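**Student:** Pasting a structure below so you can have a look.
Protein chains in written order, with the working numbering: chain A, 2 to 114; chain B, 2 to 115.
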């Protein structure tokens, strides 16, 4: 059974800092890995999708990497802004649909102005 | 192109009642999946529908059931509501399923069971 762990559970940093969020998964046989952002009480916004054959994806100030063999992914946020404050969730697709996405519990990020 | 929309946004039900939640998938998407997110937790997979057939199910009892319609919209039905069913219910849509498939989520329905 796939399990996803996110470290740290919470993070508070001053505006302008670069930061790294970590995600690990137990079964390396994945189709893809997706990073999401969730604002309080809201739905999920897709940030980046990394296919199993890819090593990284970039979108603006965000960069996500994937190391399947070690079961790890990182989300790098450059020059953080107060608007980046949210919970960031990592999810893996291990079953091509049969198992849905397996999520971590998320990292609650606060960017101090 | 319209995104994923869910209704209602909030709902309060009494223990033992039944509830139906609705989801309209993003235009062109044929796959819909449902998730339950308890407070402070990551979403948990309930089930997935592909072209009107259930093709995957998580560890949820049979009182959680669903439908997908020819226009690919979907319903989640929960019978005999329990207090622990209180959660944010999320719907996601995608085009097929595979290594390049990106899931898009709606804003969720907040269900409170009292």
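All C-beta atoms, glycine included, are put in the ideal place defined by N, C-alpha and C.
Source: prediction; values computed, not measured.
Which residues in the same chain as residue 16 of chain B place their Cβ atom closer than 8 Å to its Cβ, once the five residues preceding and following it in sequence are excluded?
**Tutor:** Counting from one through the second chain, the residue named residue 16 of chain B turns up at place 15. Cβ within range, chain order: 82, 83, 84, 114, 115.
**Student:** Per DSSP, what kind of secondary structure is residue 96 of chain B in: helix, strand or coil?
**Tutor:** The residue labelled residue 96 of chain B in the question sits at position 95 within the second chain. Coil at residue 96 of chain B, not helix or strand.
**Student:** What's the C-alpha gap between residue 20 of chain A and residue 13 of chain A?
**Tutor:** The residue given as residue 20 of chain A occupies position 19 in the first chain. The residue given as residue 13 of chain A occupies position 12 in the first chain. Computed Cα separation, rounded: 10 Å.
**Student:** Check the C-beta distance from residue 31 of chain B over to residue 97 of chain B and give it rounded, since I have them as a contact under 8 Å.
**Tutor:** Position 30 of the second chain, counted from the first residue, corresponds to residue 31 of chain B. Position 96 of the second chain, counted from the first residue, corresponds to residue 97 of chain B. Indeed they touch by this definition, with Cβ atoms about 7 Å apart.
**Student:** Using 8 Å as the threshold, is the C-beta distance between residue 58 of chain B and residue 89 of chain B below it?
**Tutor:** One-based indexing of the second chain puts residue 58 of chain B at position 57. One-based indexing of the second chain puts residue 89 of chain B at position 88. No, the Cβ-Cβ distance between residue 58 of chain B and residue 89 of chain B is not below 8 Å.
**Student:** Note the first and the last residue of the continuous beta strand (DSSP E) segment covering residue 84 of chain B.
**Tutor:** Translated into positions along the second chain, residue 84 of chain B becomes position 83. Segment: none, residue 84 of chain B is in no beta strand (DSSP E) and carries neither H nor E.
**Student:** Is the segment 26-40 of chain A close to the segment 90-104 of chain A, with three or more CB pairs under 8 Å?
**Tutor:** Yes, the segment 26-40 of chain A touches the segment 90-104 of chain A.
**Student:** Using a Cβ distance threshold of 8 Å, determine whether the segment 78-92 of chain A contacts the segment 16-26 of chain B, with at least three qualifying pairs required.
**Tutor:** With a cut-off of 8 Å, the segment 16-26 of chain B and the segment 78-92 of chain A do not count as touching, because too few Cβ pairs lie within range.
**Student:** Give me the Cβ distance between residue 92 of chain B and residue 20 of chain B, rounded to the nearest whole Å; I'm assuming they're in contact under 8 Å.
**Tutor:** Working through the second chain from its first residue, we reach residue 92 of chain B at position 91. Working through the second chain from its first residue, we reach residue 20 of chain B at position 19. Not really, about 14 Å apart at Cβ, beyond 8 Å.
**Student:** Looking at C-beta atoms only, is the number of pairs between the segment 102-112 of chain A and the segment 57-73 of chain A that lie closer than 8 Å three or more?
**Tutor:** In short, these stretches do not touch, since the Cβ pair count stays below three.
**Student:** Mind checking residue 40 of chain B: buried by the 16 CB within 10 Å criterion, or exposed?
**Tutor:** The count along the second chain starts at 1 and reaches residue 40 of chain B at position 39. Classification for residue 40 of chain B: exposed.
**Student:** Going by C-alpha to C-alpha distance, which of B/48, B/70, B/62, B/34 sits closest to residue 171 of chain B?
**Tutor:** The structure shown does not extend to residue 171 of chain B, since chain B is modelled only from 2 through 115, so no value can be given for it.
**Student:** Starting from residue 26 of chain B, trace the beta strand (DSSP E) in both directions and tell me its first and last residue.
**Tutor:** Here residue 26 of chain B refers to the residue found at position 25 of the second chain. Note, residue 26 of chain B: premise wrong, no beta strand (DSSP E); not H, not E.
**Student:** Going by DSSP, which residues form a beta bridge with residue 55 of chain A?
**Tutor:** For the purposes of this step, residue 55 of chain A is taken as residue 54 along the first chain, with counting starting at 1. Its beta-bridge partners do not exist; DSSP assigns none.
**Student:** Identify every residue that forms a DSSP beta bridge with residue 93 of chain A.
**Tutor:** Your numbering for residue 93 of chain A matches position 92 in the first chain. Answer is A/34, A/103, bridged to residue 93 of chain A.
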